[in-house]
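Just below is one structure, and these are the notes that go with it.
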Amino acid sequence: MIKIKFAIIFVSCLFLLQSAVFANEKIAVFSVNIPATGSSFSVYPNSLNIIANDVINNMNLGNQLRALDFISTEQTINNKGLKNEYIEFLRKYKTTYAIDYDTCSKLGDELGVDKFLLISGGFDAQNMILKRSWLDKLSFPGVNTMKPSYKFLVTALLIDIKNGVRVWEQTYSD
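Written out as structure tokens, the structure is:
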């Protein structure tokens, strides 16, 4: 959990210190919190929303960058009739990590933003199952080397809507 807190602080500092790049810009932060086949959405369904809200709050502490809150973003998307496109955009990113730049452009125009920050993630169980420790390999009797079976991953992706490029992407794990 310490690494996740570090990730939130790091992402927030990145935006606060880049005043020349983000001078008086608005950014929309989206939590990719969509249930998808094979995802671990049901383990902790609101964990990504909590992380995204922390990032939004930290971004809004400075005066160079303004991040839209979830409520106003969702209301604008619903009022403009873009909810289905928005959900499909998030689902496509969640399952294939592909960005639909046409949908980004539509959403960006309606929200009045130039950049999106997508916060996605989930739990990975394969890493702990497939990777045995050296004590397991030695097979000492009575040695219990149980490790937690879940590893929490968070990926932050910054998209420049106007140029249609991925500006920055980082994955954090705990």
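Note that the sequence shown covers residues 2 to 175 in this note's numbering. Think of the CB as a built atom: it goes at the ideal place given N, C-alpha and C, for glycine as much as any other residue.
Checklist entry - Cα-Cα, which of Gly63, Gly165, Lys93, Ala53 is closest to Thr74? => result Ala53
Checklist entry - So, helix, strand or coil for Val30, using DSSP? => result In the three-state DSSP reduction, Val30 falls in the strand class (E or B).
Item to check | Closest residue to Tyr173 among Phe124, Lys81, Asn25 (Cα-Cα distance) | outcome: Phe124
Item to check | Three-way DSSP call (helix, strand, coil) for Tyr173 in this model | outcome: Of the three classes helix, strand and coil, the one that applies to Tyr173 here is strand, per DSSP.
Checklist entry - Hey, Ile160 and Ile100 are a contact pair by Cβ (cut 8 Å); roughly how many whole angstroms apart? => result 6 Å
Checklist entry - Helix, strand or coil: how does DSSP classify Lys152 here? => result strand
Item to check | Whether Ile120 touches Ala68 by CB criterion (7 Å) | outcome: no
Next on the checklist: Less than 7 Å between the beta carbons of Thr1 and Glu86, yes or no?
Outcome noted: Since the displayed the chain opens at 2 and closes at 175, residue 1 lies outside it and no answer follows.
Next on the checklist: DSSP three-state label for Asp161, please.
Outcome noted: strand
Checklist entry - Name the DSSP bridge partner or partners of Leu66? => result Glu26
Next on the checklist: Applying the 10 Å Cβ sphere with the 16-neighbour rule, what's the burial state of Ser48?
Outcome noted: So Ser48 counts as buried.
Item to check | Host alpha helix (DSSP H) of Lys61 (start-end) | outcome: The residue asked about is misnamed: residue 61 is Asn in this sequence, not Lys. Neither: Asn61 is in no alpha helix (DSSP H) and is coded neither H nor E.
Item to check | Alpha-carbon to alpha-carbon, Gly63 and Leu83 | outcome: Here the alpha carbon of Leu83 sits roughly 30 Å from the alpha carbon of Gly63.
Checklist entry - Distance, Cα to Cα, Glu26 vs Met60? => result 11 Å
Item to check | Rounded separation between Glu170 and Asn80 - CA only | outcome: 30 Å
Next on the checklist: Here's a check: name, in chain order, each residue in its chain whose Cβ is nearer than 7 Å to the Cβ of Thr77, leaving out the five neighbours to either side.
Outcome noted: Closer than 7 Å at the Cβ level, and outside the excluded window around Thr77, lie Glu111, Leu112.
Checklist entry - What number of angstroms, rounded off, separates the C-alpha of Val168 from the C-alpha of Ile88? => result 22 Å
Checklist entry - How about Val30 and Ile72: do their beta carbons lie closer than 7 Å? => result no
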